[in-house]
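The structure under discussion appears below in the form of structure tokens.
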Amino acid sequence: MLSSLVFIFVVLSVALSDVTNAMYANYLTLVGNFFGVEQTITQLTVSLEMLGHSVSGLVYGPMSDRYGRRPVMLFGMAVFLVAGLWCCFASNITALIVARFFHGVGAGVAAVVGYAMICDIYSDEECSKGVSLMYMCAVTSSTFIAPAMAAYMITNEYGWRAVFVVSNVLTTALFLWLVRKLPETVQEKSTECSPIAIIFGYVALLKNRGFLAYCFIKSLVMTYLLASVGNLPFVFIEGMGLPAKYYGYVSAIGGASFIAGTIANIRLVGKFGMRKMIIIGLVLTAASDVVAIAADYYFVLTPVLAEAIWIPSSFCISFITSNSVVLAFREVSNKGAASSFIICCQTVFGVLGMYVVGKLYDGTIVPICLLTLLCCAISAVIMYRTSRGEVGTS
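Numbering (full-length UniProt numbering), first residue to last: 1 to 394.
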């Protein structure tokens, strides 16, 4: 009963942030038009949110190890709510960018503390399944519910502020429920949470080569995923002429494939093991992006065709992300700090990927595909070195 309740709270917290960002992604071009700014400026409302997400996580993790998961989760959700109100009333693009940064600061608690809570209550294999289910539920919400809501709002000419009105209503309801029902899951709290102790904790993680190997694999995957999130709206809407109100429906193709892949990972991880699942994911992802580049060269790609070609890649996301996280956690005991470090790395990598692809923007999917292939190649090298024992694992 306790594990089920904790899982529900974690999923809802993560999903709320994802749903908000998914709805907002549909409005990116409209936000730029509203304030009369260029694409690169508009993208700062996404990349700065991610930066706030990653920076805050470095504090949330050690704090949750020291003071417990519950108080830290409540604090982060309160920040998310207040920043969401700020977004609603932002009168210029600068105010919105700053508000979105603090929105990310609040949102960072969900994944960081959520990962740690799941690891508190589940064993290794069950933890992999739990993380996969968490991703699946969150992506289901952001892929199917959020696009439908965004399409309805855009069709009925609700402005971009409506995204944050909806988000704030949902956040208020969830926050009140968390205050009443969220249990504590950490059994043994850390004795220190001073700045020096936090720094030494992260230094220890940096010396743990096994942890870093799997952390970097997860981060490399998020590099091309977040680059896609930040740039595909412009590629599909501006480069390929897709009406903004249909963007969410097209992206649902990848979401449906991801959900199917998550279910497959849950069923197959016990049979093949986490490392083999990661390798399968890397191979299929690279193959689909090679096909996508070839298709862009020989044909006139449409958004639907591009998403269809990427189905194997979307299907395998959970193969890589869920299993790499669990293998990284296996290497350490301080789950909160480890969770913070992973979230920070993947967000920083993602923001960098978004920036690079944005600079290379040419209206096609080629820059995204090339980044994906590079990330898969580096991840494959890491997996090869861990298999030969060149990177120590416990």
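Note that the Cβ used here is the ideal one computed from N, Cα and C, for glycine as well.
Take residue 201 and list the residues in its own chain whose beta-carbon comes closer than 7 Å to its own, dropping the five residues that flank it on each side. Indexing the sequence shown from 1 puts residue 201 at position 201. Around residue 201: 62, 334, 337.
With DSSP as the reference, label residue 29 as helix, strand or coil. Numbered from its first residue, the sequence shown carries residue 29 at position 29. The answer is helix: DSSP assigns residue 29 an H, G or I state.
Just to confirm, are residue 47 and residue 220 a CB contact at a threshold of 8 Å? Counted from its first residue, the sequence shown places residue 47 at position 47. Counted from its first residue, the sequence shown places residue 220 at position 220. Their beta carbons are not under 8 Å apart, which means residue 47 does not touch residue 220 by this criterion.
What's the C-alpha gap between residue 394 and residue 246? On the sequence shown, residue 394 is found 394 positions in, with the first residue counted as 1. On the sequence shown, residue 246 is found 246 positions in, with the first residue counted as 1. Low per-residue confidence applies at residue 394: pLDDT is 46, beneath 50, and the placement is therefore not dependable, though the value from the model is reported in the following sentence. Taking the straight line joining both Cα atoms gives about 47 Å.
Cβ neighbours of residue 130 in the same chain (closer than 7 Å, five flanking residues each side left out): Here residue 130 corresponds to residue number 130 of the sequence shown, with the count starting at 1. Cβ neighbours of residue 130 beyond the five flanking positions: 7, 118, 122.
Is the distance from the Cβ of residue 60 to the Cβ of residue 98 below 8 Å? To locate residue 60, count along the sequence shown from 1; it is residue 60. To locate residue 98, count along the sequence shown from 1; it is residue 98. No, these two residues do not count as a Cβ contact at 8 Å.
Short check: CB of residue 328 to CB of residue 218, under 8 Å? Taking the first residue of the sequence shown as position 1, residue 328 is located at position 328. Taking the first residue of the sequence shown as position 1, residue 218 is located at position 218. A contact, by the Cβ cut-off of 8 Å.
Alpha helix (DSSP H) segment containing residue 218, residue limits: The residue you call residue 218 lines up with position 218 of the sequence shown. Start and end: 209-234.
According to DSSP, simplified to helix, strand and coil, what is residue 249? Counting from one through the sequence shown, the residue named residue 249 turns up at place 249. Three-state result, residue 249: helix.
Kindly indicate which three-state DSSP category residue 242 falls into: helix, strand or coil? As a first step, residue 242 is located in the sequence shown; it is residue number 242 there, counting from the start. Three-state result, residue 242: coil.
Only counting the same chain, and skipping five residues up and downstream in sequence, which positions put a Cβ closer than 7 Å to that of residue 346? On the sequence shown, position 346 is the one that residue 346 refers to. For residue 346, where only same-chain residues beyond five positions count, the Cβ hits under 7 Å are 218, 219, 222.
Looking only at C-alpha atoms, which of 257, 303, 183, 326 sits nearest to residue 216? Sequence index remark: in the sequence shown, residue 216 carries index 216 (1-based). Comparing Cα-Cα distances from residue 216 to each of 257, 303, 183, 326, the minimum goes to 326.
When you compare each of 254, 259, 323 to residue 306 by their alpha carbons, which one comes out closest? Counted from its first residue, the sequence shown places residue 306 at position 306. With distances taken between Cα atoms, residue 306 lies closest to 254.
If we ignore side chains and look at the alpha-carbon of each, how far apart do residue 68 and residue 178 end up? Position 68 of the sequence shown, counting from 1, holds the residue named residue 68. Position 178 of the sequence shown, counting from 1, holds the residue named residue 178. Spanning the two alpha carbons is a distance of roughly 14 Å.
Does the distance from the CB of residue 289 to the CB of residue 364 come in under 8 Å? Within the sequence shown, the letter at position 289 stands for residue 289. Within the sequence shown, the letter at position 364 stands for residue 364. Going by C-beta atoms, residue 289 is not nearer than 8 Å to residue 364.
Which residues in the same chain as residue 291 place their Cβ atom closer than 8 Å to its Cβ, once the five residues preceding and following it in sequence are excluded? Counted from its first residue, the sequence shown places residue 291 at position 291. 309, listed in sequence order.
Buried or exposed by the 16-neighbour rule on C-beta atoms within 10 Å, applied to residue 267: As a working note, residue 267 is residue 267 in the sequence shown. Burial call: exposed.
Between which residues of its own chain and residue 348 is the CB-CB distance below 6 Å, once the five residues before and five after are set aside? Taking the first residue of the sequence shown as position 1, residue 348 is located at position 348. Answer for residue 348: 54, listed in chain order.
Among 132, 158, 163, 157, which one has its Cα closest to the Cα of residue 145? Locating residue 145 in the sequence shown gives position 145, counting from the first residue. Here the closest residue by C-alpha is 163.
Once DSSP output is grouped into helix, strand and coil, what is the label at residue 261? Translated into positions along the sequence shown, residue 261 becomes position 261. Three-state DSSP puts residue 261 in a helix.
Alpha carbon to alpha carbon, how far is residue 367 from residue 173? Give it in angstroms, no decimals. For the purposes of this step, residue 173 is taken as the residue at position 173 of the sequence shown. For the purposes of this step, residue 367 is taken as the residue at position 367 of the sequence shown. If you take the alpha carbons of residue 173 and residue 367, they lie about 40 Å apart.
Can you tell me whether residue 381 is buried or exposed? The criterion is at least 16 other CB atoms within 10 Å of its CB, across all chains shown. For the purposes of this step, residue 381 is taken as residue 381 along the sequence shown, with counting starting at 1. That one is exposed.
Of all the options 387, 238, 95, which has the alpha carbon lying nearest to the alpha carbon of residue 39? For the purposes of this step, residue 39 is taken as residue 39 along the sequence shown, with counting starting at 1. Answer by Cα proximity: 238.
Give me the Cα-Cα distance between residue 155 and residue 92, rounded to the nearest whole angstrom. The residue you call residue 155 lines up with position 155 of the sequence shown. The residue you call residue 92 lines up with position 92 of the sequence shown. If you take the alpha carbons of residue 155 and residue 92, they lie about 24 Å apart.
Is the beta carbon of residue 258 less than 8 Å from the beta carbon of residue 314? Here residue 258 refers to the residue found at position 258 of the sequence shown. Here residue 314 refers to the residue found at position 314 of the sequence shown. In this structure, residue 314 lies closer than 8 Å to residue 258 by Cβ.
Mind listing, in chain order, the continuous alpha helix (DSSP H) runs of no fewer than 4 residues lying wholly within the stretch 335-379? 335-359
Using the rule of at least 16 other Cβ atoms within 10 Å of the residue's Cβ for burial, across every protein chain shown, is residue 203 buried or exposed? Sequence index remark: in the sequence shown, residue 203 carries index 203 (1-based). Result: exposed.
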